[in-house]
Each structure stands twice: as C-alpha cells, then as structure tokens.
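Protein sequence lines correspond, in order, to chains A and B.
Every letter in the first sequence is one number past the one before it in my numbering, and letter 194, counting from 1, is 194.
Every letter in the second sequence is one number past the one before it in my numbering, and letter 163, counting from 1, is 163.
Don't be surprised by glycine CBs; every beta carbon is placed ideally from N, CA and C.
Read through the structure below, which is laid out as structure tokens, and then see the notes.
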Amino acid sequence: MPEMIVLKDLTKRFGPLVAVDNVSLTVGIGEVLGFLGPNGAGKSTTMRMITGFIEPTSGTAEVCGHDVVRDPVAVKRRIGYLPEGAPTYGDMTPESYLGFIAEIRGFDGADKRRRINEVAAKVELGEVMCQPIETLSKGFKRRVGLAQAMIHDPDILIMDEPTDGLDPNQKHQVRSLIREMAVNKAIVVSTHILEEVEAVCSRAVIIARGRLLADGTPEELVARASNHNAVVIAVDAAHAETARRHLESLSSVKAVDSIGLSDGVARLRVMPRNAGLIAADIGELARAKNIPVREMFVERGALDEVFRAITTGSPGSRAGAADA
Amino acid sequence: MRNIAVIAKREIASYFATPLAYIFIVIFLALTGAFAFYVGGFFIREQADLEPFFVYHPWLYLMLIPAVAMRLWAEERKTGTIEVLMTLPVTTTEAVLGKYLAAWGFSGIALALTFPMWITVNVLGSPDNGVITASYIGSFLMAGAFLAIGSCISSLTKNQVIAFIVAATVCFLFTLSGLELVLNFFRAWAPELLIRTIASMSFLTHFTAVTKGVIEFRDLIFFASLIVFWLFANVVAVDFRKAA
C-alpha cells in the first residue's frame, strides 16, 4: 500500500492555543480515513495543513513525496480538497465555476469539456448547471463543492465534513460516492457523525484537543466499548436470582448487572472477561441448569460511547487500557 | 502566466455577473462628465483641451476605486472561497496579480469609455492629442496605484466596509500629501528631507505633471514602484492572514 500522505509530528499553534499537537500518521491508496473528533478538536486545522492552506508551526506533512511547505504547488496539484462548508463563488454558475477550476488545473478545450461533463454527471448536477450557485439548495451547493474537488481525478481527496447539513438521502448519496472512489485513492474525511465512520471509513482516528488519541478500523474502535460482546438475557423474574448466581460462577464472565425488570421479566447484562465471546457458554449453562431464557442477544457496543470516553478522557471504557 | 490569466478572467467575469460593473461604469462616466462640464467649465474656458476633465480624476478615484478594490480579498475571506483559491495549484503572487490585473483592466475599461470626450474636443477644435494621450496614461497609472493600495487593504479584513473606508483614507493621504495644507502641518517641526519625501509621495503632484503632457521617467517610476510595493505587501498579507 503506497503511502500518499505522511504526517510527522505535525503541530500548529495559534498564539498560546495548540490547535494540533504532534500528530503523526500515514494514509495509503485504497484507504478512507475518518477524522473523528468534537468541534474544535483540530480536524480542520490538520486538513488545512495537509492541503497547504496554512503552514505548520513545526513538524512536516508530505503528500506523494512532496513537502507541503517546500513545494506547495506540487502538493496542491495532487489533492482535491473540499473545505468546511463547501465554499463556492455564489455569483458563478456550476458550469463557469467548474470551468474555472478545470482551467486552473490545466485542462483545455475538449479535455476540459469532457471533465466538466463527467464530474457533473457523477455528482448529478445536470439540471442546475446554468443557474447561479447562490440560488441553489444546500445539497446542490455541496455537490458543486464535491465536483470542484474531484474534477482532476486526484489521487488524494480531502473532505472536511462532506455530509454536514445534508438531508438523509443526500448523505447517503455522498457516502456512496466516497465508497465508489475509495478503490484507487487515498481519502480523508472529517466528521463528527459516528454512523458515517462505520458507513464509509476503512480506518478512523480520534482527535481531541489537537491530539491523536486513537487509530484503528471502526470495528477495532467499537471493540473498545465497555459493553462490547456483552450478552443481555431476559428471564422470568422468579429465576433471576438463580440465573445471576450461576452466571457469575462462569469463568468467562466478569460481572452480571441487572438492567431492568418489567412485566415479570428481568433483564441481565452479562459482561465477558477480556471482551470474549460468551454467548455459547451462557446457552449451555441455561440448558444445563434449566433456566428458561426468553430472549438473548449480543451487544456490539456503540461508537459514541467509545468516542465520548476517549475524547472526554472519562473512565468506564477499556479505551485507555487498549490504547498503545 | 496562464494561472494569472485564468484568475483574472474569472474575476472580470464576476464583475459583469453582478450589476456592480454597470453601476460603476455609469456613475464613473456620469461624474467625469458632470465635473468636466459643470465644475470644470469645459465650454466656458473656450479651449480645446481635456484639462477640466482630467483634473477631477484623482477625486473621483478616491471614492470609486476603493469601492472596486474592497471586495477583491475581503469577499473571498468572508465567504471562505479563499480556502478553495489558495489550495488550487497557484502561488499567492499569481492569485494577487490575477485579481489585481482584473480590477485594473476593469477600471481601464471604464476610463476607455470616456472616449466621447476626446472625440468632442477634436470636433470642436484642435487639441494637443499628445497631452491627452499622456493624461489618459497618467490617469490609468494613478487608478492602478489606488487599486494596489485598495487590494492590499482588502486582504487585511473580512469586512468590505472597513476595507473601503481604510483604503479611501490611505488614498486620500497619498493624494493630498503634496498640498500646502498638509505640508505646513509638517513644516513646523519635521526636517526638510521628510517634508520633501512626503511631498514627493503625492499622487496629485505626479498626476498633474503627467497631464501637462510630459511623461517623465520619475513619474512613471513613482507609480510603478508604488504599485509594486503595495502588491508585494498584498502577497505578504494574504500569506499571513488568509486563515485568520
């Protein structure tokens, strides 16, 4: 996997504020990296440094082997960038705006025409190509911004909150587009929508207060949730105490919590030791001890919980322990 | 060069995409005419020349040029498009020059549309067309200098109104610095060298010299170096403040 983006100890200070603090990471072709973090965590600042919009205070960013500070134009040539909020020149039409971008990117004549048509078809701009951008809906404006970033078919695509403010259908569309393009590009997407990470990203990093706090596949991150692989079972209230005693005696079980009682049915959450798989053990136990189980399911854990635990630094998750 | 041309083309097109260009041109033509005929006494003087026309240009530019320049960078910063522009494969210098040349070209178009004045004096009498040509060149250069100041100041703020007021004030100081009114203020306490420097910075002095029909090297150098200086400051300002 060739490394397209290499960040080494990237740091940005604005006066006394450290916006990005010693971030190091690499992104390769075929990867969709999600930048996760609360607002003001340093996601946009990091992206702005990679795209050469602002210079790092210290550390380096290399894109396709070109240093961002020493050779910014070469870097900018290889990158397609959608800034936060997808700013565009409102008095232009998508047609003339994309024409301008294509010309700046070095395309002329028939080649330019072809690229504009292709990219307009890809993001479905068809019917609005000749209307001033400022009169378009938010969804169309965002699509114009995406088209701007994609027109030169860059190896590297950097998008700052590409689905922010779009309706569910539009979000779905943008995500499909990102997944389609992922095959032969290195893509970086920032977001604070966690479902998006699971929907499009092959890898995610969590950033808070400028620091990179976690790095892994969405599955790996979810595995850090405190209730990952926990099993919830429902038994008749009459059996609840027996069930709890037997379950606690299992060697693979760490703890059993009672999480509710309604209509004579008790729900127990069985926490595994070391996030192991315990559903089979519990099933066997229930049969052996003759406990009538009404309902049983395995919890995956929620990314939000992991995210909250990591970004606020609160305990209650194994995030800290698993962090290398 | 290509990038400068592409940026300038986009910029010029955006002037004409809004009523801005038409309003500016109409007002410029109306005012230059009004000043020349009513205030300057174009007919009363009974002379076939354009002096009463050109003599008011510095004052018109003082108000109109900052209005053209104020949006150059302030608007890009306000709407965030500066982030798109400055992450395209162009250098800051190319972006600054492209935008500046578009604005200068635009003011050139407005100035060129005053040609009926020139025709009129030629119909009414036989003016010294050399003097008129020199005056046009001088006026164009002066517009360029005003624009360079305005463009630089526009890059320091997101607010176009602030850009306008500050640019107009700076242009005002440059225009007036040769007048006795200003120089007397300094004479009381400043050394002679400083006073001469301030006086030599005056747009009015240099422009008046050119409208006499003598394009002197030092007048050209004055305007050219002023433009270069302010555009250089503009590049630095964009580099440092683009993300702020």
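Using a C-beta cutoff of 8 Å, does residue i count as contacting chain B?
{"i": "Arg143(A)", "result": "no"}
{"i": "Val123(A)", "result": "no"}
{"i": "Gln131(A)", "result": "no"}
{"i": "Thr46(A)", "result": "no"}
{"i": "Lys112(A)", "result": "no"}
{"i": "Asp71(A)", "result": "no"}
{"i": "Arg115(A)", "result": "no"}
{"i": "Phe333(A)", "result": "The requested residue 333(A) is not part of the displayed model; chain A covers only 1 to 324."}
{"i": "Asp164(A)", "result": "no"}
{"i": "Arg294(A)", "result": "no"}
{"i": "Phe100(A)", "result": "yes"}
{"i": "Gln173(A)", "result": "no"}
{"i": "Ile104(A)", "result": "yes"}
{"i": "Lys254(A)", "result": "no"}
{"i": "Ser58(A)", "result": "no"}
{"i": "Asp153(A)", "result": "no"}
{"i": "Pro87(A)", "result": "yes"}
{"i": "Met92(A)", "result": "yes"}
{"i": "Thr51(A)", "result": "yes"}
{"i": "Ser96(A)", "result": "yes"}
Name, in chain order, the residues that DSSP records as bridge partners for residue i.
{"i": "Val205(A)", "result": "Phe35(A) and Asp215(A)"}
{"i": "Glu62(A)", "result": "Val6(A) and Asp67(A)"}
{"i": "Arg269(A)", "result": "Val232(A) and Asp257(A)"}
{"i": "Leu157(A)", "result": "Gly80(A) and Ile187(A)"}
{"i": "Leu17(A)", "result": "Phe14(A)"}
{"i": "Ser262(A)", "result": "Val265(A)"}
Under 6 Å Cβ to Cβ from residue i, same chain only, skipping five residues before and after it: list those, please.
{"i": "Thr163(A)", "result": "Lys171 and Val174"}
{"i": "Val90(B)", "result": "Asn3"}
{"i": "Phe223(B)", "result": "Leu141 and Ala145"}
{"i": "Met271(A)", "result": "Ala230, Lys254 and Ala255"}
{"i": "Gly80(A)", "result": "Ala149, Met150, Pro154 and Leu157"}
{"i": "Arg71(B)", "result": "Gln160"}
{"i": "Ala134(B)", "result": "Val210, Gly213 and Ile215"}
Can you look up residue i in the DSSP assignment and give me helix, strand or coil?
{"i": "Arg244(A)", "result": "helix"}
{"i": "Ile291(A)", "result": "coil"}
{"i": "Val96(B)", "result": "helix"}
{"i": "Phe297(A)", "result": "strand"}
{"i": "Val174(A)", "result": "helix"}
{"i": "Lys254(A)", "result": "strand"}
{"i": "Pro168(A)", "result": "helix"}
{"i": "Thr26(A)", "result": "strand"}
{"i": "Lys12(A)", "result": "strand"}
{"i": "Ala324(A)", "result": "At Ala324(A) the pLDDT is 31, less than 50, meaning the model places this residue with poor confidence; the figure from the coordinates comes in the next sentence. In the structure shown, Ala324(A) sits in coil (DSSP, three-state: anything other than H, G, I, E or B)."}
{"i": "Ser126(B)", "result": "coil"}
{"i": "Tyr56(B)", "result": "coil"}
Can you round the beta-carbon distance between residue i and residue j to whole angstroms, since I take them to be within the 8 Å contact cut?
{"i": "Leu10(A)", "j": "Met49(A)", "result": "6 Å"}
{"i": "Ser126(B)", "j": "Ala48(B)", "result": "6 Å"}
{"i": "Val18(A)", "j": "Gly210(A)", "result": "5 Å"}
{"i": "Asp91(A)", "j": "Ala17(B)", "result": "4 Å"}
{"i": "Ile29(A)", "j": "Ala186(A)", "result": "5 Å"}
{"i": "Ala95(B)", "j": "Ile12(B)", "result": "That pair is no contact at about 15 Å."}
{"i": "Lys76(A)", "j": "Leu88(B)", "result": "6 Å"}
{"i": "Val189(A)", "j": "Ile178(A)", "result": "7 Å"}
{"i": "Gly325(A)", "j": "Ala288(A)", "result": "As shown, chain A starts at 1 and ends at 324. That puts residue 325(A) outside it, with no answer to give."}
Excluding five sequence neighbours on each side, which residues of the same chain lie with their C-beta closer than 7 Å to the C-beta of residue i?
{"i": "Val197(A)", "result": "Gly34, Leu36, Thr191, Ala204, Pro218 and Leu303"}
{"i": "Ala102(A)", "result": "Lys112, Arg115, Ile116 and Ile151"}
{"i": "Val6(A)", "result": "Thr26 and Glu62"}
{"i": "Ala322(A)", "result": "For Ala322(A), the predicted structure reports a pLDDT of 36, less than 50, and the residue's modelled location is therefore unreliable. A value from the coordinates is still provided. So the qualifying residues of the chain are Arg224."}
{"i": "Pro52(B)", "result": "Ala36, Gly40, Gly41, Phe42 and Arg45"}
{"i": "Phe207(B)", "result": "Pro58, Gly138 and Met142"}
{"i": "Ser107(B)", "result": "Ile65, Val68, Ala143 and Leu147"}
Is there a Cβ of chain A sitting closer than 8 Å to that of residue i, yes or no?
{"i": "Pro246(B)", "result": "Residue coverage of chain B in this structure runs from 1 to 244, which leaves residue 246(B) outside it and unanswerable."}
{"i": "Val238(B)", "result": "no"}
{"i": "Ile199(B)", "result": "Note that residue 199(B) is Ala in the sequence shown, not Ile. Chain A, which has no Cβ nearer than 8 Å to the Cβ of Ala199(B), makes this no."}
{"i": "Val84(B)", "result": "yes"}
{"i": "Ser129(B)", "result": "Residue 129(B) is actually Asn in this sequence, not Ser. So, not an interface residue."}
{"i": "Ser14(B)", "result": "yes"}
{"i": "Gly80(B)", "result": "yes"}
{"i": "Ala8(B)", "result": "no"}
{"i": "Thr169(B)", "result": "no"}
{"i": "Asn234(B)", "result": "no"}
{"i": "Asn3(B)", "result": "yes"}
{"i": "Thr18(B)", "result": "yes"}
Excluding the 5 residues preceding and the 5 following residue i in the sequence, name in chain order all residues of the same chain whose CB lies nearer than 8 Å to its CB.
{"i": "Phe297(A)", "result": "Val231 and Val232"}
{"i": "Leu29(B)", "result": "Ala110, Leu113 and Thr114"}
{"i": "Leu285(A)", "result": "His246, Leu247, Leu250 and Ile291"}
{"i": "Thr88(A)", "result": "Tyr97, Ile133, Lys141, Val144, Gly145 and Gln148"}
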